[in-house]
Amino acid sequence: MEVAQPGHRLLEHRVQDDLAVDRHATALDVLEHLAALVVEAVQRRHAAQAVVLQVRQELVDRRGPRTGGAAHGAADAGGASDGAGEMFGVVLWHAFIVAHSHAHLTPDHGPPRRQLSIVLGAVVLAIAVVAVTAMVALWPDSDQVPRDQNPYGAEGVSTINATVTKVDPFNCNSGGEGPDGTVEVAGDCAHVTASVDGEGKATFDLDASRYRAGIDPGDDIQLIRIEPEGQPASYEFLEFRRGAPLTALAAIFAVLVVVVARWRGLFALVGIGVTLLALTKFMLPAFLAGESPLLVAIVGSTVIMIVVLYLAHGISIRTTSALFGTLVGIAATALIGVAATGWTQLSGIGSEDDQRLIATVPNISLSSIVAGTMVIAGLGVLNDVTVTQASAVWEMRALQPAARGGALFASAMRIGRDHIASSVYTLVFAYAGSAMTVLLLATAYQRGLADIATTEEIGQEIVRTLVGAIGLVLAVPITTLFAVWLAPPRIDEEPAATVGDQPAAVPPQGAHAGPRGR
1 MEVAQPGHRL LEHRVQDDLA VDRHATALDV LEHLAALVVE AVQRRHAAQA VVLQVRQELV
61 DRRGPRTGGA AHGAADAGGA SDGAGEMFGV VLWHAFIVAH SHAHLTPDHG PPRRQLSIVL
121 GAVVLAIAVV AVTAMVALWP DSDQVPRDQN PYGAEGVSTI NATVTKVDPF NCNSGGEGPD
181 GTVEVAGDCA HVTASVDGEG KATFDLDASR YRAGIDPGDD IQLIRIEPEG QPASYEFLEF
241 RRGAPLTALA AIFAVLVVVV ARWRGLFALV GIGVTLLALT KFMLPAFLAG ESPLLVAIVG
301 STVIMIVVLY LAHGISIRTT SALFGTLVGI AATALIGVAA TGWTQLSGIG SEDDQRLIAT
361 VPNISLSSIV AGTMVIAGLG VLNDVTVTQA SAVWEMRALQ PAARGGALFA SAMRIGRDHI
421 ASSVYTLVFA YAGSAMTVLL LATAYQRGLA DIATTEEIGQ EIVRTLVGAI GLVLAVPITT
481 LFAVWLAPPR IDEEPAATVG DQPAAVPPQG AHAGPRGR
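Note that UniProt numbering numbers the sequence shown so that position 229 is 229, with each residue one more than the last.
The structure is reproduced here in structure tokens:
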């Protein structure tokens, strides 16, 4: 018994030593797992990898050899708790450094980027001051804007709201030419009865074209009431009331934009409001007042883009690069539009509305209006393309911090080419849809495509489409150049190392030296 007792105690010490080693190894497993999580948190960036390698090397150095018997096991057991706590602090400290260095790899921070932001801010401010000054100079006084009498506001003439209660079709022998030589639509006419709030009933007749378009009891309509002095009032159909459905559609659109895009969507809606204000309060009155339509379009578009871009996408160097590309695209579209309008001899007189506008505002230049509308019409697609290109460059810089400018430009242009193709289709389809009635009429007359294309009304749409597409195509590489130039600087492929340092070998995850590794 006395001989076995020391053996029993020795076995007990060895068991305790093994348990201490196991606890130490478990702590090291946790620490190495934390180090691996740090690598994932920084998305395996080179700077993060260098830090994690340093952490792992410190773990290896502090762990030391894990063989040597009971005495070494006891020493490990005594320092396991303190060593694990110290190692956990080292990992947290390096993770803190890595997380903050990661946050500054791509955003616009740091002294060099801050200086660049100041310079770009000064440039944008100067552009904004020039644009606003030009807007103030071009802003027309109210007495300079020609006004014509509202045809429905003359003495004895007014518009009222009504609801259809009864529709009685009858044969009106329509078809052929009317008294004024215009072609009449063949078909039945209708005798319509409507209720007017506070005035009882109103009756009127609809011609064949109006009746064929559709009208039913319960429809909300607007009527023209003509009441000569001393005679009973007569009524004519004016239009359907679309206020409620239009408001509902606008509300659905706004809700969906905010739900999907959140704050950016809300700011985009505010940008739409700013655009409508600029159009109705500045651009349209300035056109009517006889100001240069092209200059008004450029100034108004510049102010709109400065406000809308920073409002919807935030104040950043990325947004500024998109703004620069957009402004260059506006200028290119304006110059090409003027040249194309003169080259194709577009007069701007393609419909009865154009002739009526000249009669109302004799001094207006419709050919210049056509060139100005080319700038406005392509503004939305141009803005879409420039913002997308700038965002693409920034995202690729974040994913490939070591990529050189040439490679970054080439990658972004591959995205830009796809966007150009889809955007050109958008322009063509939009203008084809707006001119569909004229296209159908020309096709019904069996006119060839070449004859249709050379008419004033269709020619305007074709030139507007081509000019907008040319401006869009030019804006893509220009915006990409601005974005590559202003994007965060590249990070070297290999992290900086101290002279004489040797790269530490990183053991595979789960592999350990010592008893647990055997």
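All C-beta atoms in this analysis are idealised placements derived from N, C-alpha and C, irrespective of residue type, glycine included.
- Of the candidates L223, P362 and G325, the residue whose Cα lies closest to the Cα of S158 is L223.
- Bridge partners of R225 according to DSSP: S158 and Y235.
- For P169, the secondary structure class from DSSP, reduced to helix, strand or coil, is strand.
- Restricting attention to alpha helix (DSSP H) runs no shorter than 4 residues, the stretch 256-317 encloses them at 284-288 and 293-313, ordered along the chain.
- In the DSSP assignment, A190 forms a beta bridge with P169 and L206.
- With contacts defined as CB atoms closer than 9 Å, V463 and T320 fail to qualify as a contacting pair.
- Annotation for L125: the continuous alpha helix (DSSP H) segment containing it runs G110 to L138.
- A straight-line Cα-Cα distance of about 20 Å links D353 and A453.
- Leaving aside the five residues that flank G471 on each side, the residues in its chain whose CB is nearer than 7 Å to its CB run, in chain order, G329, A332, T333, I336, G378 and L382.
- A distance of 9 Å or more separates the beta carbons of V473 and V428.
- In this structure, the alpha-carbon of S142 lies about 26 Å from that of M374.
- Non-local beta-carbon contacts of V274 in its own chain, meaning distances under 8 Å to residues more than five positions away in sequence, involve I304, V307, V308 and L311 in chain order.
- A straight line joining the alpha-carbon of A444 with that of S209 spans about 18 Å.
- When Cβ pairs closer than 8 Å are counted between the two stretches, the stretch 257-267 is seen not to touch the stretch 236-243, the count staying below three.
- The beta carbons of R318 and A483 sit closer together than 9 Å.
- Counted as a single uninterrupted DSSP element, the alpha helix (DSSP H) harbouring R356 occupies residues E352 to T360.
- Short of 7 Å from the beta carbon of G348, and not among the five residues preceding or following it, lie these beta carbons of its own chain, in chain order: D354, L366, S367, I369 and V370.
- Listed in chain order, the non-local C-beta contacts of R404 below 7 Å within the same chain comprise R490, local neighbours out to five positions each way being set aside.
- For G200, the secondary structure class from DSSP, reduced to helix, strand or coil, is strand.
- Within the same chain, Cβ atoms closer than 6 Å to the Cβ of T302 are found at A131, the five residues on either side in sequence being excluded.
- If you ignore the 5 residues before and after R212, its C-beta comes within less than 6 Å of the C-beta of G187, all in its own chain and listed in chain order.
- Look at S411 here: in three-state DSSP terms it is helix.
- With a cutoff of 9 Å on beta-carbon distance, V385 and G416 are scored as near each other.
- Counting along the chain, the unbroken alpha helix (DSSP H) around I452 starts and ends at L449 to A453.
- The residue from I221, F324, P245 and S195 with its alpha-carbon nearest to that of G121 is F324.
- For V192, the number of other beta carbons within 10 angstroms of its own is at least 16, and it is reported as buried.
- For P146, no alpha helix (DSSP H) segment is defined, and its DSSP state is neither H nor E.
- Under the DSSP assignment, D384 falls in the alpha helix (DSSP H) whose first and last residues are L379 to L399.
- Less than 9 Å separates the beta-carbon of T480 from that of Q389.
- Secondary structure of S195 (DSSP, three-state): strand.
- A direct Cα-Cα distance of roughly 5 Å separates L206 from A190.
- Closest in alpha carbon position to E461, among G350, T360 and Q144, is G350.
- With respect to the C-alpha of T203, the residue from L125, S234, A398 and P112 having the closest C-alpha is S234.
- Taking 9 Å as the cut-off, the Cβ atoms of M396 and A421 do not count as close.
- Beta bridge pairing from DSSP links T163 with S195 and D220.
- The closest CA to that of A392, considering only L294, A410, L449 and G200, is found on A410.
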